[in-house]
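Participant: Structure in structure tokens, see below.
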Amino acid sequence: MAYMTTDCMGYAVEWSPFLQNRMAVATSQNFGIIGGGKQYVVDLFDGRLNTVASLNTTETLYDCCWSESNPSWVLMGCGNGSLRLWDISGQMAPRQYTEHTAEIYSCDWNLVSKDVFLSGSWDHLAKVWHPDRSSSIRTYSGHTGCIYSTKWSPHRGSSFASTAGDGTLRIWDQQSPQPALVIKAHDNEVLTCDWNKYNPNMIVTGSVDRSIRIWDLRTQRTLATLKGHEFAVRRVKCSPHHETIIASASYDTSIRIWDPSAPDHPIIQQINHHSEFALGVAFNLFVPGQIATCAWDNRLFVTQISDPRSQS
Numbered sequence: 001m002a003y004m005t006t007d008c009m010g011y012a013v014e015w016s017p018f019l020q021n022r023m024a025v026a027t028s029q030n031f032g033i034i035g036g037g038k039q040y041v042v043d044l045f046d047g048r049l050n051t052v053a054s055l056n057t058t059e060t061l062y063d064c065c066w067s068e069s070n071p072s073w074v075l076m077g078c079g080n081g082s083l084r085l086w087d088i089s090g091q092m093a094p095r096q097y098t099e100h101t102a103e104i105y106s107c108d109w110n111l112v113s114k115d116v117f118l119s120g121s122w123d124h125l126a127k128v129w130h131p132d133r134s135s136s137i138r139t140y141s142g143h144t145g146c147i148y149s150t151k152w153s154p155h156r157g158s159s160f161a162s163t164a165g166d167g168t169l170r171i172w173d174q175q176s177p178q179p180a181l182v183i184k185a186h187d188n189e190v191l192t193c194d195w196n197k198y199n200p201n202m203i204v205t206g207s208v209d210r211s212i213r214i215w216d217l218r219t220q221r222t223l224a225t226l227k228g229h230e231f232a233v234r235r236v237k238c239s240p241h242h243e244t245i246i247a248s249a250s251y252d253t254s255i256r257i258w259d260p261s262a263p264d265h266p267i268i269q270q271i272n273h274h275s276e277f278a279l280g281v282a283f284n285l286f287v288p289g290q291i292a293t294c295a296w297d298n299r300l301f302v303t304q305i306s307d308p309r310s311q312s
């Protein structure tokens, strides 16, 4: 199933944590270099993808996430260093949060406490916010390169991870300005990370070096390195339904599904729907094996992947 995002290129897609058929898609004009953006909310109904709501912005959009406390709220990370909170029901006026001094490439809502969200910026800073406050709760410094990814732990409400252009993965406690762990994850820029949904000590990173690495935070060592992408890995996501399944989106235009528990054949499936850089991938929380993907080809796809547990 495909959906066109008109003249805007896909940067991020996220399924709603409340409605099994709803997605948010962050897009930008002109490859996100100049121009504006458009935030889409799309429903999958009766085998078709339909627009529920859309919001044009004067700034580019690089990331989006759903609120974990309100099913109508979508948060956007913008190219002008601001965060926008949009209520698609129209009951609340749009809110804007402006402290970062460079592009916001990552935003994430806390899955455990549900009342705060996180941002990561090219100004090398991560910040934690409350939706009712115009200023951030706390700022976290230490990265020496652009922050590309920030993710709350799904297990511990005060813990989050960040990855950046300095090649490091950092684990933070919300109450401390200093990172709890600093891991040299790759020799190149680390564009993405995600927590394993079943193991609180396992996290996955993806890099410009084309590899995906799985880390044990207790030993700070790699459990596996996954290779196969021909260009940078832009996004990784861990399955909410299977402990060992990972999805990745790459600048080689492909989406790949991995199972590192089968080291001889870790690539379960390769999806080649897209014709330009693939930047977004997300698992549906309610439908096992269903993923959404977006790319610079202006297309959103919903695909049912193979169930790895049914394979011999």
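So the sequence shown is numbered by our numbering: it starts at 1 and just counts up by one.
Don't be surprised by glycine CBs; every beta carbon is placed ideally from N, CA and C.
Note that the structure is a prediction, hence the values are computed from the model and not measured.
(1) Under the assumption that T205 contacts R213 (Cβ atoms under 8 Å), give the Cβ distance between them as a whole number of angstroms.
(2) Determine the direct distance from the alpha carbon of T150 to that of S158, and round the result to whole angstroms.
(3) Along the chain, which unbroken stretches of the beta strand (DSSP E) at least 3 residues long are found entirely within the region 276-310?
(4) Reducing DSSP to helix, strand and coil, say where N110 ends up.
(5) Let me know the beta strand (DSSP E) ranges lying completely inside the region 148-222, each 3 residues or longer, listed in chain order.
(6) Please classify G36: does DSSP put it in a helix, a strand, or coil?
(7) Tell whether a beta-carbon distance below 8 Å holds between E189 and S136.
(8) L83 to Y11, Cα distance in whole Å?
(9) On the CB-based measure, 16 or more other CB atoms within 10 Å of its CB, does N110 come out buried or exposed?
(10) Decide yes or no for the touch test of the region 269-282 against the region 243-257: beta carbon pairs closer than 8 Å, at least 3 of them.
(11) State yes or no: is the C-beta of L300 within less than 8 Å of the C-beta of C294?
(12) Using CA coordinates, which residue listed in D123, Q178, N201 and R133 is at the minimum distance from P154?
(13) Of all the beta strand (DSSP E) runs that stay within the bounds of the region 20-72, which reach a length of 3 or more residues?
(14) Ignore the nearest five residues each way along the sequence and tell me which others in S69's own chain have a CB closer than 7 Å to its CB.
(15) What does a CB cutoff of less than 6 Å around S211 pick up in its chain, not counting 5 residues either side in sequence?
(16) Around the Cβ of R309, are there at least 16 other Cβ atoms within 10 angstroms (buried) or fewer (exposed)?
(17) My output table needs one value for I267: the three-state DSSP class, helix, strand or coil.
(18) Would you mind stating whether H143 and S162 have Cβ atoms separated by less than 8 Å?
(19) Since T6 and G36 should fall inside the 8 Å C-beta cutoff, what is the C-beta to C-beta distance between them, to a whole number of angstroms?
(20) Consult DSSP for W122 and reduce its assignment to one of helix, strand or coil.
(21) Distance cutoff 8 Å, beta carbons only. Does M9 sit that close to anything in chain D?
(22) Just confirm the distance between the C-beta atoms of A315 and L191, as a whole number of angstroms; I'd bet it's less than 8 Å.
(23) So the candidates are D87, I203, S239 and Q178; which of them puts its Cα closest to the Cα of T222?
(24) Indicate whether C64 and Q91 have their beta-carbon atoms separated by less than 8 Å.
(25) Just the C-alpha distance for L55 and L85, rounded to the nearest angstrom, thanks.
(26) Just tell me which of I88, D87 and M76 has its CA closest to the CA of I104.
(27) Among Q178, G145 and S106, which has the Cα closest to the Cα of R138?
Facilitator: In this structure, then:
(1) Here T205 really is in contact with R213; their C-beta atoms are around 5 Å apart, less than 8 Å.
(2) Distance between the alpha carbons of S158 and T150 is about 13 Å.
(3) Runs found: 278-283, 290-295 and 299-304.
(4) N110 carries a coil assignment under DSSP once its states are collapsed to helix, strand and coil.
(5) Within the region 148-222, complete beta strand (DSSP E) segments of at least 3 residues are found at 159-164, 168-173, 181-184, 190-195, 202-207 and 212-216, given in chain order.
(6) DSSP places G36 outside both helix and strand once states are collapsed to three, so it counts as coil.
(7) No. Outside cutoff.
(8) Distance between the alpha carbons of L83 and Y11: 15 Å.
(9) The residue is buried, with at least 16 neighbouring Cβ atoms inside 10 Å.
(10) Using a C-beta cut-off of 8 Å, the region 269-282 makes contact with the region 243-257, since at least three inter-stretch Cβ pairs fall below that distance.
(11) In contact: L300 and C294 (Cβ atoms closer than 8 Å).
(12) Residue N201 holds the alpha-carbon nearest to the alpha-carbon of P154 among D123, Q178, N201 and R133.
(13) Counting whole runs of 3 or more residues, the region 20-72 contains the beta strand (DSSP E) stretches 22-28, 37-45, 48-57 and 61-66.
(14) Cβ contact annotation for S69 (same chain, cutoff 7 Å, sequence separation greater than five): K114 and D115, in chain order.
(15) T225 and K227.
(16) Note that R309 has pLDDT 49, beneath the 50 cutoff, so the model's placement of it is unreliable and the number below is only indicative. Exposed, by the Cβ-count rule.
(17) Three-state result, I267: strand.
(18) Going by C-beta atoms, H143 is nearer than 8 Å to S162.
(19) Wrong, their Cβ atoms sit about 12 Å apart, outside the cutoff.
(20) In the structure shown, W122 sits in coil (DSSP, three-state: anything other than H, G, I, E or B).
(21) Judged by its chain identifiers, the structure shown contains no chain D, having just a single protein chain.
(22) The requested residue 315 does not occur in the structure, where the chain is confined to residues 1 to 312.
(23) Checking every option, the nearest Cα to that of T222 belongs to I203.
(24) In this structure, C64 sits away from Q91, with a CB-CB distance that is not shorter than 8 Å.
(25) Computed Cα separation, rounded: 11 Å.
(26) Sorting I88, D87 and M76 by C-alpha distance to the C-alpha of I104 places M76 at the top.
(27) It is Q178 whose Cα lies nearest to the Cα of R138.
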